[in-house]
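Line by line, the protein sequences give chains X and G. Positions in the first sequence are counted from 1; adding 299 to them yields my numbering. Positions in the second sequence are counted from 1; adding 23 to them yields my numbering. Down below is the structure, laid out as structure tokens.
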Amino acid sequence: LKEKHKILHQLLQNSTSPVDL
Amino acid sequence: PGGSDLKTLAKQVNTAYLKNLSMTKKRARSILSGKTSSTSPFVIYDVDTLWKAESGLVWSQLAPGAPLTKEIGVHVFYRCQCTTVETVRELTEFAKCIPGFVDLFLNDQVTLLKYGVHEAIFAMLPSLMNKDGLLVANGKGFVTREFLRSLRKPFSEIMEPKFEFAVKFNALELDDSDLALFVAAIILCGDRPGLMNVKQVEQSQDNILQALDLHLQANHSDSVYLFPKLLQKMADLRQLVTENAQLVQKIKKTESETSLHPLLQEIYKDMY
């Protein structure tokens, strides 16, 4: 699941904004 | 849990909602009814007003990451994606503040977001809508329903089902405190495919649903069937998401020039 959902994992584990919108 | 525990839970969830979701229903309704002191939203009703809005009037920059396109339907599709991605980020922060959520397996947190965010977004979207259009760009713009209907197929089919849902959903007259618990209950749903610890999720959702039931009794004492009506809306939202996922698949297949944001690719992959 982690491999397939890297950005969701990243969002869950970081409180800052990690996603390049 | 006892009544006071449920009230505390409702308060925690409400605070988390107001803190993490940028546009509340209260603010949206005040803009839509013209009761706010800030300037009225810029109305986007045709191609000209859309490009005016895009030239800095409403949005400060073109849809980031989206390729430049002159095709209006494709452009609107990218704008929908941008808003969705931003709201997924806000919902993730909200979810982390719901008591019990961060105690779940990380895998289960991912599963709940994967399956829950679109239902949550379509539950919050009615706050920004009336029968004639919807607020965009944090209330700076208002896109008319007629303009969205006028786009060529399949892009004209993206928003219309959400308007139809919104008109019925808004008749329930929920406020932000009701929506906070409703959205939390959507996220903490025990029957998402692939959950590792179903019982733990069900227990958390049960607490939220009890808090919602109690909250509605106090906040909408004259509307006796509101709680079961909202349970039915949860099922309607699932259907709305299924149809939306099918439409996105269709756009991907038939509109070769469009692309899907990587986060949305993750969410839609093997969803239903």
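Beta carbons: idealized from backbone N, C-alpha and C, even for Gly.
What would DSSP say about residue i, mapped onto helix, strand or coil?
{"i": "Met182(G)", "result": "coil"}
{"i": "Phe7(G)", "result": "An answer regarding residue 7(G) cannot be provided, because it is not within the stretch 24 to 295 covered by chain G."}
{"i": "Val318(X)", "result": "At Val318(X), the pLDDT of 48 sits below 50, so the modelled position is not reliable and the matter cannot be decided from this model."}
{"i": "Val152(G)", "result": "Looking at the sequence shown, residue 152(G) is not Val but Met. Three-state result, Met152(G): strand."}
{"i": "Leu195(G)", "result": "coil"}
{"i": "Pro285(G)", "result": "helix"}
{"i": "Leu73(G)", "result": "helix"}
{"i": "Tyr295(G)", "result": "coil"}
{"i": "Gly164(G)", "result": "strand"}
{"i": "Leu296(G)", "result": "One cannot answer for residue 296(G) here, as it falls past the ends of chain G, which runs 24 to 295."}
{"i": "Leu157(G)", "result": "strand"}
{"i": "Val190(G)", "result": "helix"}
{"i": "Leu136(G)", "result": "helix"}
{"i": "Asp131(G)", "result": "helix"}
{"i": "Val81(G)", "result": "coil"}
{"i": "Ser200(G)", "result": "helix"}
{"i": "Asp126(G)", "result": "helix"}
Within the continuous alpha helix (DSSP H) that includes residue i, where are the two ends?
{"i": "Phe170(G)", "result": "168-173"}
{"i": "Asn230(G)", "result": "221-242"}
{"i": "Arg52(G)", "result": "48-55"}
{"i": "Glu116(G)", "result": "95-120"}
{"i": "Tyr40(G)", "result": "26-43"}
{"i": "Glu266(G)", "result": "249-277"}
{"i": "Leu311(X)", "result": "305-312"}
Starting from residue i, follow the beta strand (DSSP E) in both directions and report where the run begins and ends.
{"i": "Arg67(G)", "result": "It is Ile, not Arg, that sits at residue 67(G) in the sequence shown. Ile67(G) -> beta strand (DSSP E) spans 65-67."}
Closest to residue i by CA distance: which of the options is it?
{"i": "Lys42(G)", "options": "Lys75(G), Leu235(G), Ser200(G), Val133(G)", "result": "Ser200(G)"}
{"i": "Leu211(G)", "options": "Phe128(G), Asp69(G), Thr59(G), Ser53(G)", "result": "Phe128(G)"}
{"i": "Ser53(G)", "options": "Met152(G), Arg172(G), Leu136(G)", "result": "Met152(G)"}
{"i": "Leu80(G)", "options": "Gly26(G), Gln255(G), Gly162(G)", "result": "Gly162(G)"}
{"i": "Glu180(G)", "options": "Ala33(G), Ala268(G), Asp293(G), Lys48(G)", "result": "Ala268(G)"}
{"i": "Ala207(G)", "options": "Asp229(G), Lys93(G), Asp126(G), Ser56(G)", "result": "Asp229(G)"}
{"i": "Met46(G)", "options": "Lys222(G), Leu237(G), Glu109(G), Val125(G)", "result": "Glu109(G)"}
{"i": "Gln13(G)", "options": "Val224(G), Ile231(G), Trp74(G)", "result": "It is not possible to answer for residue 13(G), since the shown part of chain G is limited to 24 through 295."}
{"i": "Val159(G)", "options": "Pro184(G), Thr107(G), Thr134(G)", "result": "Thr107(G)"}
{"i": "Asn220(G)", "options": "Glu280(G), Asp28(G), Leu270(G), Asn130(G)", "result": "Asn130(G)"}
{"i": "Gln104(G)", "options": "Thr31(G), Thr277(G), Thr72(G), Val271(G)", "result": "Val271(G)"}
{"i": "Gln102(G)", "options": "Asp293(G), His284(G), Met294(G), Leu55(G)", "result": "Just to set this straight, residue 102(G) is Arg in the shown sequence, not Gln. Among Asp293(G), His284(G), Met294(G), Leu55(G), the Cα nearest to that of Arg102(G) belongs to His284(G)."}
{"i": "Pro24(G)", "options": "Glu278(G), Thr72(G), Lys273(G), Leu235(G)", "result": "Leu235(G)"}
{"i": "Ala18(G)", "options": "Phe205(G), Phe170(G), Glu116(G)", "result": "Nothing about residue 18(G) can be reported from this structure: the residues present for chain G run from 24 to 295 only."}
Between residue i and the ligand ADP, is the CB less than 7 Å from at least one heavy atom?
{"i": "Leu55(G)", "result": "Ligands in the displayed structure: none, and consequently the ligand ADP is not present."}
Contact the region 283-290 of chain G vs the region 195-211 of chain G: 3+ CB pairs below 8 Å
no
Any residues in the region 101-125 of chain G with a beta carbon nearer than 9 Å to a beta carbon of chain X? Which ones, in chain order?
Answer in chain order: Cys105, Val108, Glu109, Val111, Arg112, Thr115, Glu116, Ala118, Lys119, Val125.
Would you call the region 33-47 of chain G in contact with the region 118-134 of chain G, where contact means no fewer than 3 C-beta pairs closer than 8 Å?
yes
What residues in the region 272-285 of chain G have a beta carbon less than 9 Å from any beta carbon of chain X?
His284, Pro285
Using a Cβ cut-off of 8 Å, which residues of the region 121-153 of chain G contact any Cβ in chain X, in chain order?
Leu129, Asn130, Gln132, Val133, Thr134, Leu136, Lys137
Could you say if the region 182-190 of chain G and the region 144-151 of chain G meet the contact criterion of at least three C-beta pairs nearer than 8 Å?
By the Cβ criterion, the region 182-190 of chain G is in contact with the region 144-151 of chain G, since at least three pairs of Cβ atoms, one from each stretch, lie closer than 8 Å.
Using 8 Å as the threshold, is the region 213-232 of chain G in touch with the region 302-313 of chain X, meaning 3 or more CB pairs across them?
Between the region 213-232 of chain G and the region 302-313 of chain X there are fewer than three inter-stretch CB-CB distances shorter than 8 Å, so the stretches are not counted as touching.
Listed in chain order, which residues of the region 52-81 of chain G have Cβ atoms closer than 9 Å to some Cβ of chain X?
The residues in question: there are none.
Between the region 159-173 of chain G and the region 54-66 of chain G, can you find at least three pairs of beta-carbon atoms closer than 8 Å?
Here the region 54-66 of chain G makes contact with the region 159-173 of chain G; the two share three or more CB pairs at distances below 8 Å.
Whether or not the region 170-179 of chain G and the region 95-114 of chain G are in contact is what I'm after, with contact meaning three or more pairs of Cβ atoms, one per stretch, closer than 8 Å; do they touch?
yes
What residues in the region 225-241 of chain G have a beta carbon less than 7 Å from any beta carbon of chain X?
none
Got a sec: which bits of the region 161-177 of chain G sit with their beta carbon under 9 Å from any beta carbon on chain X, in order along the chain?
Correct list: empty, as no residue qualifies.
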